[in-house]
C-alpha cells in the first residue's frame, strides 16, 4: 500500500534517493557534493523517507541510491527535520554561506 502511494507521488524521470538504515553513510560535505552533481546534471531528485516499517525492499532496490543519515534508529518526524537541516547545511556549503563551519 505504501509503495504504491510513493510510486504514484514521484514523477517519472526523477533521481530517487531512498533513506535507509542500511544505506551508504554520508557526510554533510559529501551531501553538498551530491547537490552540486545533481544540479550540474540537471537531475530532479526525490529523497524518500519510509514509514515506521521502513521502505518496501523492492522500492529500495529500484532507487538510484540509498543513503543513511545516522547510525541511530530515528522516528519519521525527526528524520524529516534532520534531512531538511542537512539539505540546508549542504546547500550553504555549495554557495559558501557561513552557516556550516568546519
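Numbering (this note's numbering), first residue to last: 13 to 114.
All residues carry an ideal CB built from backbone N, CA and C; glycine is no exception.
Quick one, which of the options has its alpha-carbon nearest residue i's?
| i | options | result |
| --- | --- | --- |
| residue 27 | 53, 101, 45 and 14 | 53 |
| residue 60 | 95, 24 and 104 | 95 |
| residue 24 | 89, 88 and 58 | 58 |
| residue 30 | 75, 86, 85 and 100 | 75 |
| residue 98 | 49, 38 and 32 | 38 |
| residue 19 | 33, 41 and 72 | 72 |
| residue 84 | 21, 22, 33 and 17 | 33 |
Please work out which residues of its chain come closer than 8 Å, Cβ to Cβ, to residue i, disregarding the five sequence neighbours upstream and downstream, and give them in chain order.
| i | result |
| --- | --- |
| residue 36 | 77, 78, 79 and 80 |
| residue 92 | 61 |
Could you check whether residue j and residue i sit closer than 9 Å to each other, using their CB atoms as the reference points?
| i | j | result |
| --- | --- | --- |
| residue 47 | residue 13 | no |
Is residue i near the ligand GTP, judged by its Cβ being under 8 Å from some heavy atom?
| i | result |
| --- | --- |
| residue 27 | As for the ligand GTP, it is missing from this structure, which has no ligand bound. |
Between which residues of its own chain and residue i is the CB-CB distance below 7 Å, once the five residues before and five after are set aside?
| i | result |
| --- | --- |
| residue 63 | 14 and 88 |
Self-check item: Sufficient close CB pairs (3 or more, under 8 Å) joining the segment 62-71 to the segment 99-109
Solution: no
query = Which ranges does the beta strand (DSSP E) cover as unbroken runs of at least 3 residues, wholly within the segment 15-46, from first to last along the chain?
reply = 27-37
Notebook entry, point to check: Going along the chain, which unbroken runs of the alpha helix (DSSP H) with 4 or more residues stay wholly within the segment 38-112?
Noted result: 40-53, 69-74 and 88-106
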